[in-house]
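For the sequence shown, UniProt numbering gives the first residue as 1, with consecutive numbering after it.
No residue lacks a Cβ here, since even glycine has one placed at the ideal position from N, Cα and C.
Quick caveat, the model's predicted, so the values are computed rather than measured.
Only one structure is covered here, and it is reproduced in the block below.
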Amino acid sequence: MSDQYLGEIRIFGCAYPPAGWAACDGQLLAIQQNTALFSLLGTQYGGNGTTNFALPDLRGRAVTGPLDNQPGNPQGAATVTLTAAEMPAHNHAVYGDTARAVSTEASARLPARFMLPNNQSCIPVNASPAPVMTTLSPQAVGTAGASQPHENMQPCTALMYCIALTGAYPPRP
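Dropping the structure here:
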């Protein structure tokens with residue numbers, strides 16, 4: 001393995017951090033034992049800055065460049081709740097007729113009154129009349145959705161991010 005800079009982060013395929021490295025899991029380190037690393041990270045990932053500081057917590061996170069954000073500021077969300085404004089326009093209309101059938105037998109091959117809209121299928125009319133009127137489910141004719149969050153995770157493979165606890169101090173450009 002090539003020499004690393006202090007504070008360098010690498011991805012490892014093993015289930016433990018190699019010697020001289022620590023998992024990027026947000027753990028707190030004592031400043032007194034890690035003064036050089038503290039001088040690089042400060043408290044941008046947490047800690048009280050007096051006796052301890054935190055390593056980055058990259059568990060379940062995708063890594064990106066800082067863009068408009070400072071390093072260490074988490075962005076994004078694991079779940080998202082869609083609002084009606086974010087869903088494509090749609091409705092849950094019910095098509096019906098108030099006219100009553102006079103017979104249980106159809107008189108034509110495709111009775112127009114019982115055709116499904118925009119379809120050449122028909123609703124079966126050879127049925128006994130229902131003894132009691134039925135109330136349709138609100139989910140069938142009402143507003144769709146319950147404003148519940150859904151997962152917002154891209155396909156991924158879990159690997160271990162580790163930070164170098166030893167190595168050359170990175171020079172400034």
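Check: Would you tell me roughly how many angstroms separate the C-alpha atoms of leucine 82 and glutamine 4, rounded to the nearest one?; Outcome: 44 Å
Check: Measuring only between beta-carbons, confirm whether alanine 85 sits less than 9 Å from chain D.; Outcome: Protein chain content of the structure displayed is limited to a single chain, and chain D is not contained in it.
Check: What does a CB cutoff of less than 8 Å around alanine 22 pick up in its chain, not counting 5 residues either side in sequence?; Outcome: Leu29, Leu55, Cys162, Ile163, Leu165
Check: Is the beta carbon of cysteine 24 sitting closer than 9 Å to the one on leucine 58?; Outcome: yes
Check: In this structure, how does DSSP classify leucine 40 when only helix, strand and coil are distinguished?; Outcome: helix
Check: Spell out the partners DSSP gives leucine 29 in its beta bridges.; Outcome: Phe53
Check: Can you list, in chain order, the residues of its chain whose CB lies under 7 Å from that of leucine 41, leaving out five sequence neighbours each side?; Outcome: Gly7, Phe53
Check: Can you give me the Cβ contacts of alanine 36 inside the same chain, cut-off strictly under 8 Å, excluding the 5 residues immediately before and after it?; Outcome: Leu6, Tyr169
Check: Nearest to alanine 158 by alpha carbon, out of Ala62, Gly47, Gln32, Gly20?; Outcome: Ala62
Check: Report all residues from its chain with a CB closer than 7 Å to the CB of valine 80; omit the five preceding and five following residues, and keep chain order.; Outcome: Pro149, His150, Asn152
Check: Helix, strand or coil, according to DSSP, for threonine 35 in the structure here?; Outcome: helix
Check: If the criterion is Cβ atoms closer than 9 Å, does the pair glycine 167 and glycine 20 meet it?; Outcome: yes
Check: Using three-state DSSP, classify glycine 13 as helix, strand or coil.; Outcome: coil
Check: For glycine 76, count neighbouring C-beta atoms within 10 Å of its own C-beta (all shown protein chains included) and say buried if the count is 16 or more, exposed if not.; Outcome: exposed
Check: Between the beta-carbon of glutamine 32 and the beta-carbon of threonine 51, is there less than 9 Å?; Outcome: yes
Check: Quickly, what does DSSP pair tyrosine 168 with across the bridge? List them, please.; Outcome: In the sequence as presented, tyrosine is not what sits at residue 168; that position holds alanine. Note: alanine 168 sits in a beta bridge opposite Tyr5.
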